[in-house]
Amino acid sequence: MSLQRFVLKRGLLTIPLLLGVTLFTFGMVHAIPGDPIDFITLFAELDAETEAEIRAQYGLDKPVYIQYIDWVLNAAQGDFGKSIVTRRPVATEILNRLPYTLLMGSMAFAIAIITAIPSGIVAAYYRNTTVDQISRVFALIGVALPNFWLGLILILVFASWLNLFPVLPPTDRGLLSQDMIIYTLLPAITIGTGSTALLMRLMRSSMVEELDKDYVRTARAKGLPERTVVQKHVLRNSLISVVTVAAIQIAFIISGSVVVEIVFSYPGIGRLLVDRVGNRDFPVIQALVLIIGVAVILANLLADVLYAYLDPRIRY
Amino acid sequence: MALLEVEDLTVRFYTEDGVVKATNNLSYRIEAGEHFGVVGESGAGKSVSSLAIMRLIEDPGVIESGEIRFKGQNLLELSAEEMRTIRGNEIAMIFQDAETALNPAYTVGEQIAEAVRHHMDLDDAAARDRAIEMLDSVGIPDAAERYSDYPHQFSGGMQQRAVIAMALSCDPDLIIADEPTTALDVTIEAQILELLEEVSETFDTAIQLITHDLGVVAEFCDRVMVMYAGHPVEIAAVDDLYYNPQHPYTVGLMSSIPRIGDTRDRLQTIPGRMPDLIENPPGCNFHPRCPYAEDVCARREPPLVNVETGDPADPINSDSQSAACLEHTGDLLEGLDYQVTVRGTDESTGDAASTDGGVSDE
């Protein structure tokens, strides 16, 4: 099977998965106790007629499965309905926030990859030396620190004491402005630290294992320079397990953003989600949970495709 | 000057449990185009000695002393970079387990071509052609198509052929084959040996064949070195070794080979096991297992001597049969008492002839 066919086959498999996610999202929100009408009307006493009118307006009068089908069909076209809280289209609200989370998430992911892979390689190549021990200590700290605590400490030290970063987001400067990117560094580091530590240790152990394999000796016996042996032969095989976990880290980064965005008052979808959960803004909650679910599925798809690309044994 | 001269090679591994004396004062030579066998049980130091030639001994192993002269040049004095121009180019290696020796993530062809590109200064297309030519010469059908196959798409025998193609790709003068057929079944083993024979004849390549299989040695080698516990115990031309073994360990190895028409119920084994290489027994390493051992064997370490003259052996300059047993220095009171029978030919040497088949001791 060629790589293209593998990708196609694996891609088709995500369809039932996506349907499952929509079903779960919809069901979950509807299983929460409390009538959305109460939140729409702010618990006002209503006569039966007005209540029926409002229900009809939000489609709440229809059977649940019809509501589900309507929701999925509309969602597929980017229409998630109107927010109960702000009465504005959900899509607009999310699109205003999503780029910020994407910026923070991609910076966090980039920080994790850029620091974890090289330091993991170095730790593996110089295993059981001081370098390795130092990286081990950092990894342990990185995994153990809770996000919200690390965030607060970073704000305290770098923003409050050292004045190197602004304390509040410069949202008026635009997403890709220098100020915004600098501001995003701290939350990105906060989210990325755990992933960095995990990926670094994984890279190290995976590489140590590969370095001991016979094909490494074969490559050396060919007279290849040590650099080629490590970069070409060992690295590719070591990355196989790292790539899978790295892609799954995308999911952790997204979920981590919920907490970190609150700590940093960051205008992303994580904070939006927490705000609206408090207000029972079902259309927004549904849409956000769906988007996060889809992101995780796509991250896994990406992991599988990269896996197949790196390891030919998978795709045949 | 021989192609390869190994003189007094001593390799030690400094492990947590103690110092492993992997090879001790190993000396031998290999002539151009010659097939030299290195025989012994697992852990006798065969593979270590071959990795030492390639300077691929890894931590905690250290080449403590000795010289490895290849075309008169001491490989141990070369810089890492100079050594890399020899590895894979002038001396190539074939490893035991072809499946693990190949990188699963790259195509077989690429793994051959990369060595060619590196050593022969060819561009991508020429290296590819050369790799296909090599695959073809080791008997891979449809070599051009198979070039892009991954190792897991090859059978075990084909993987071994691919590894041989890799070793041959830069026209080496010496191939070190470390148990190249151990992982294969007997019919494939025969094909692979035939292939090695053929390529060494075509390209006039010397081969150092490491094996524990005396049958393979008999078929393939010109001269043989038998190793025990990191020491050479006998070095001889292959005929001398088979018709007239001079060390009790060699005799023991031979009598443990099953033969067609064998009437024995059980194979003869050498009792006991090889000493661990951290604490060798005093005197002769083999004496705890030797049926002819006497008191003196536990006290004196037998030197490797010329079995005819009893003089210290000179395996680098002389072809004479040498063995490391006190019998040949005249120190044994009872002597070695075994007979060698050769079946299927009229030729027989040794102390006496018997009709019993194989090597037997009485």
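As given, the protein sequences belong to chains A and B, one line each in that order.
The numbers in my numbering rise by one with no breaks, and the one at position 302 of the first sequence is 302.
For any residue, its number in my numbering is found by taking its place in the second sequence, counting from 1, and adding 1000.
Backbone N, C-alpha and C define an ideal beta-carbon position, used for all residues, glycine too.
Source: prediction; values computed, not measured.
Short CB-CB distance (under 7 Å) between residue i and chain B
i	result
N128(A)	no
Y68(A)	no
T244(A)	no
P312(A)	yes
R220(A)	yes
R97(A)	no
Y307(A)	no
D132(A)	no
D342(A)	Residue 342(A) lies beyond the residue range present for chain A, which begins at 1 and ends at 316; the question has no answer from this structure.
Residue i in three-state terms, based on DSSP
i	result
R220(A)	helix
R1266(B)	coil
V157(A)	helix
V1307(B)	coil
P1232(B)	strand
Q1246(B)	coil
N1074(B)	strand
G1061(B)	strand
L1135(B)	helix
M180(A)	helix
T1355(B)	Bear in mind that a pLDDT of 36 at T1355(B), under 50, signals an unreliable position, so the number given afterwards is only what the model happens to contain. Looking at T1355(B) - three-state DSSP - the assignment turns out to be coil, as it is neither helix nor strand.
K82(A)	strand
R1012(B)	strand
D1178(B)	strand
K62(A)	coil
F1036(B)	strand
I1210(B)	strand
I355(A)	Shown here, chain A extends from 1 to 316; a query on residue 355(A) therefore has no answer.
I1192(B)	helix
Y1147(B)	coil
P89(A)	strand
Buried or exposed (CB count within 10 angstroms, at least 16 for buried), residue i
i	result
G59(A)	exposed
P1315(B)	buried
T1109(B)	One detail in the question is off: residue 1109(B) reads as Gly in this sequence, not Thr. Buried.
Q1159(B)	buried
L1253(B)	buried
L1214(B)	buried
M1134(B)	buried
T1181(B)	buried
Y126(A)	exposed
N96(A)	exposed
Y1014(B)	exposed
W71(A)	buried
L3(A)	exposed
Which listed residue (the options) has its alpha carbon closest to that of residue i
i	options	result
E1327(B)	H1247(B), N1285(B) and Q1096(B)	H1247(B)
S257(A)	P146(A), V90(A), I314(A) and D70(A)	P146(A)
T1205(B)	A1298(B), G1066(B), A1167(B) and S1320(B)	A1167(B)
K222(A)	T1309(B), I1112(B), R1273(B) and D1239(B)	I1112(B)
P1288(B)	L1277(B), R1273(B) and A1126(B)	R1273(B)
R220(A)	L1051(B), E1334(B) and I1210(B)	L1051(B)
V1039(B)	G1061(B), V1238(B), I1132(B) and G1088(B)	V1238(B)
D311(A)	V260(A), Q67(A), L239(A) and L154(A)	L239(A)
A1162(B)	P1151(B), E1294(B) and T1085(B)	P1151(B)
V143(A)	R227(A), V216(A), G270(A) and A112(A)	A112(A)
Y100(A)	A299(A), E261(A) and R55(A)	E261(A)
V122(A)	Q231(A), P36(A), I297(A) and A303(A)	Q231(A)
Min CB distance residue i to chain A below 7 Å
i	result
M1054(B)	yes
T1355(B)	With a pLDDT of 36 at T1355(B), under the threshold of 50, the modelled position of that residue is not reliable, and no figure is offered here.
R1117(B)	no
Y1150(B)	yes
P1172(B)	no
P1060(B)	no
A1131(B)	no
D1351(B)	Here D1351(B) scores only 44 on pLDDT, less than 50, and its place in the model is too uncertain to base an answer on.
A1165(B)	no
L1102(B)	yes
R1084(B)	yes
N1025(B)	no
R1146(B)	no
Would you call the segment 132 to 146 of chain A and the segment 264 to 276 of chain A touching, i.e. three or more CB-CB distances under 8 Å? At 8 Å Cβ cutoff, the stretches do not touch.
Query raised in the report: Touching or not, the segment 1221 to 1230 of chain B and the segment 1180 to 1198 of chain B, by the rule of three or more beta carbon pairs under 8 Å?
Result: No, they do not touch.
Next item on the list: Count the C-beta pairs between the segment 1015 to 1031 of chain B and the segment 282 to 299 of chain A that are closer than 8 Å, then say yes if the count reaches three, no if not.
Entry: No: the two stretches stay apart, fewer than three of their Cβ pairs being nearer than 8 Å.
message = Would the segment 1172 to 1185 of chain B count as touching the segment 1135 to 1143 of chain B if we require 3 or more Cβ pairs under 8 Å?
response = Too few Cβ pairs lie closer than 8 Å, so no.
Check: Okay, do the segment 1067 to 1081 of chain B and the segment 192 to 204 of chain A touch, 3+ Cβ pairs below 8 Å being the bar?
Finding: Short answer: they don't touch.
For the structure I just gave you, are there three or more beta carbon pairs, one from the segment 183 to 198 of chain A and one from the segment 263 to 274 of chain A, closer than 8 Å?
Yes, since at least three Cβ pairs between the segment 183 to 198 of chain A and the segment 263 to 274 of chain A fall closer than 8 Å, the two stretches touch.
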